[in-house]
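With the first letter of the sequence shown counted as 1, position 144 gets the number 143 in numbering that gives the first Met the number 0; the numbers rise by one all the way through. Every residue gets a Cβ at the ideal spot worked out from N, C-alpha and C, and that includes glycine. What follows is a set of notes on a single structure, which appears directly below.
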Amino acid sequence: MTELLAGKVALVTGAGRGIGAEIAKLMAAHGASVVVNDPGGATSGEGQDQAHALATVEAIRSAGGSAEANFDSVTDFAAAEGIVSQAIDRYGRIDIVVNNAGILRDAIFHKMTEDDWDAVIDVHLKGSFNVARAAATRFRAQESGCFVHMTSTSGLIGNVGQANYAAAKLGIVGLSKSLALDMARFNVRSNCIAPFAWSRMIGTIPAADDNARARIEKLKQMTPDKIAPVAVALCSDRAAHVTGQIFGVRSNEIFLLSQSRPLRGIHEGSGWSPEAVVEHAFPALQSDFYPLDRTADIFSWDPV
Numbered sequence: 000m001t002e003l004l005a006g007k008v009a010l011v012t013g014a015g016r017g018i019g020a021e022i023a024k025l026m027a028a029h030g031a032s033v034v035v036n037d038p039g040g041a042t043s044g045e046g047q048d049q050a051h052a053l054a055t056v057e058a059i060r061s062a063g064g065s066a067e068a069n070f071d072s073v074t075d076f077a078a079a080e081g082i083v084s085q086a087i088d089r090y091g092r093i094d095i096v097v098n099n100a101g102i103l104r105d106a107i108f109h110k111m112t113e114d115d116w117d118a119v120i121d122v123h124l125k126g127s128f129n130v131a132r133a134a135a136t137r138f139r140a141q142e143s144g145c146f147v148h149m150t151s152t153s154g155l156i157g158n159v160g161q162a163n164y165a166a167a168k169l170g171i172v173g174l175s176k177s178l179a180l181d182m183a184r185f186n187v188r189s190n191c192i193a194p195f196a197w198s199r200m201i202g203t204i205p206a207a208d209d210n211a212r213a214r215i216e217k218l219k220q221m222t223p224d225k226i227a228p229v230a231v232a233l234c235s236d237r238a239a240h241v242t243g244q245i246f247g248v249r250s251n252e253i254f255l256l257s258q259s260r261p262l263r264g265i266h267e268g269s270g271w272s273p274e275a276v277v278e279h280a281f282p283a284l285q286s287d288f289y290p291l292d293r294t295a296d297i298f299s300w301d302p303v
């Protein structure tokens with residue numbers, strides 16, 4: 000097997016289980032030294048269990064790779080600096096950051112609490128900023144580096160009962176694009192992956208009816224190991240031209256996902272009144288309005 004990441008040092012957050020663990024293990028198999036970050040909390044964020052990060056480290060070492068565990072929370076700015084510093088202290092540099100850590104606090108919007116909102120935003124969006132910010136100064140100094148962030152079609156397309164998660168995941172898209180723009184001059188790249196995979200977080204989806212149960216069975220076919228090859232490829236030098244993009248990974252399918260761009264425009268030389276907007280602008284644009292799609296409406300076929 001070609002070692003696409005030989006000599007590189009990677010930090011993968013939320014790497015004790017699921018997608019993060021599979022990415023960490025495959026990066027190590029391709030030659031990277033890996034810092035495995037995971038405090039080991041529940042899907043909702045509570046608690047801590049170091050066994051999960053240690054299990055990923057042990058799996059990497061047993062396969063002949065190099066890995067170190069870290070149990071800090073990405074929600075803490077100073078702790079994120081410490082996670083990055085650990086990679087440099089142990090391995091002498093840092094080349095890759097995979098922002099994968101996440102939790103779920105699903106609730107229909109009118110029942111969502113402030114704590115539900117804050118907890119999810121803190122882990123997904125603020126956590127991604129914290130770790131990326133800590134790595135950015137190192138990437139700038141060495142004039143190289145690669146970020147991979149996990150987004151979701153819950154934000155890109157939509158899902159019911161996930162306003163906090165959707166907002167965080169769409170915010171990560173903006174963060175990634177800004178990183179790609181701001182740091183391009185330093186040969187630093189930033190991309191997003193929207194993963195479809197059965198994991199302990201997805202396992203919290205209630206099977207309330209036959210349609211939900213059928214959807215869950217489809218999700219179980221999409222295992223976390225299917226996401227890892229795209230993450231490894233994005234972080235290799237052979238993908239030096241790939242930055243600012245969003246990729247969907249669904250079993251054996253890879254999608255390049257769209258980004259917001261103008262669809263149609265109309266002009267009124269004398270200016271618009273509210274009445275004219277209602278009577279002319281909205282009807283003229285309505286054929287291109289987006290329906291209230293959910294992810295399952297867009298990805299309606301079985302995973303390949």
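Residues that DSSP places opposite T12 in a beta bridge: Here residue 12 corresponds to residue number 13 of the sequence shown, with the count starting at 1. T12 pairs with N36.
Where the beta strand (DSSP E) through R249 begins and ends: As a position in the sequence shown, residue 249 is number 250, starting the count at 1. Note, R249: beta strand (DSSP E), 245 to 249.
Same chain, Cβ closer than 8 Å to A232, five either side skipped, listed in chain order: Translated into positions along the sequence shown, residue 232 becomes position 233. Here the set comprises L3, A238.
Segments of 4+ residues assigned as alpha helix (DSSP H) that fall wholly inside the stretch 53 to 108: 76 to 90
Pair within 7 Å by beta-carbon distance, V34 and A86: To locate residue 34, count along the sequence shown from 1; it is residue 35. To locate residue 86, count along the sequence shown from 1; it is residue 87. Contact: yes.
Unbroken alpha helix (DSSP H) run spanning G19, endpoints: Taking the first residue of the sequence shown as position 1, residue 19 is located at position 20. From DSSP, the alpha helix (DSSP H) with G19 extends over 17 to 28.
DSSP three-state assignment for M182, whether helix, strand or coil: As a working mapping, residue 182 is identified with position 183 in the sequence shown. Helix, per DSSP.
Residue span of the beta strand (DSSP E) that contains E252, given as start and end: Sequence index remark: in the sequence shown, residue 252 carries index 253 (1-based). It spans 252 to 255 - the beta strand (DSSP E) in which E252 sits, taken as one unbroken run.
C-beta contact flag for R89 and E67 at 7 Å: Taking the sequence shown and counting its residues from 1, the one referred to as residue 89 is at position 90. Taking the sequence shown and counting its residues from 1, the one referred to as residue 67 is at position 68. Yes, the pair counts as a contact, with Cβ atoms nearer than the cut-off.
Status (buried if at least 16 other CB within 10 Å, exposed otherwise) for L174: Translated into positions along the sequence shown, residue 174 becomes position 175. L174 is buried by the Cβ-count criterion.
DSSP three-state assignment for S175, whether helix, strand or coil: Here the question's residue 175 lines up with position 176 in the sequence shown. Correct three-state label for S175: helix.
Contacting residues, own chain, Cβ-Cβ under 7 Å from A58 (five flanking each side not counted): Reading the sequence shown from its first residue, position 59 is the one you call residue 58. So the list reads K24, once near-sequence residues are dropped.
Straight-line gap, S84 to R139 (C-alpha atoms, nearest Å): To locate residue 84, count along the sequence shown from 1; it is residue 85. To locate residue 139, count along the sequence shown from 1; it is residue 140. Approximately 15 Å, taken between the alpha carbons.
Boundaries (first-last residue) of the alpha helix (DSSP H) holding A134: Taking the first residue of the sequence shown as position 1, residue 134 is located at position 135. Note, A134: alpha helix (DSSP H), 126 to 141.
Pick from Q47, W300, H148, T112 that is closest to K125, judged by C-alpha positions: Position 126 of the sequence shown holds residue 125. Looking at the Cα atoms, H148 is the closest of the given residues.
Residue environment, G270, which counts as buried when at least 16 other CB atoms sit within 10 Å: The residue you call residue 270 lines up with position 271 of the sequence shown. Flag for G270 reads exposed.
Residues near A134 in its chain [Cβ-Cβ closer than 8 Å; skip 5 each side]: The sequence position of residue 134 within the sequence shown is 135, counting from 1. Cβ within range, chain order: L10, V83, I93, V96, G144, F146.
Exposure of I287, with buried meaning 16 or more beta-carbon neighbours within 10 Å: Looking up residue 287 in the sequence shown gives position 288. What sits at residue 287 in the sequence shown is Asp, not Ile. D287 comes out exposed.
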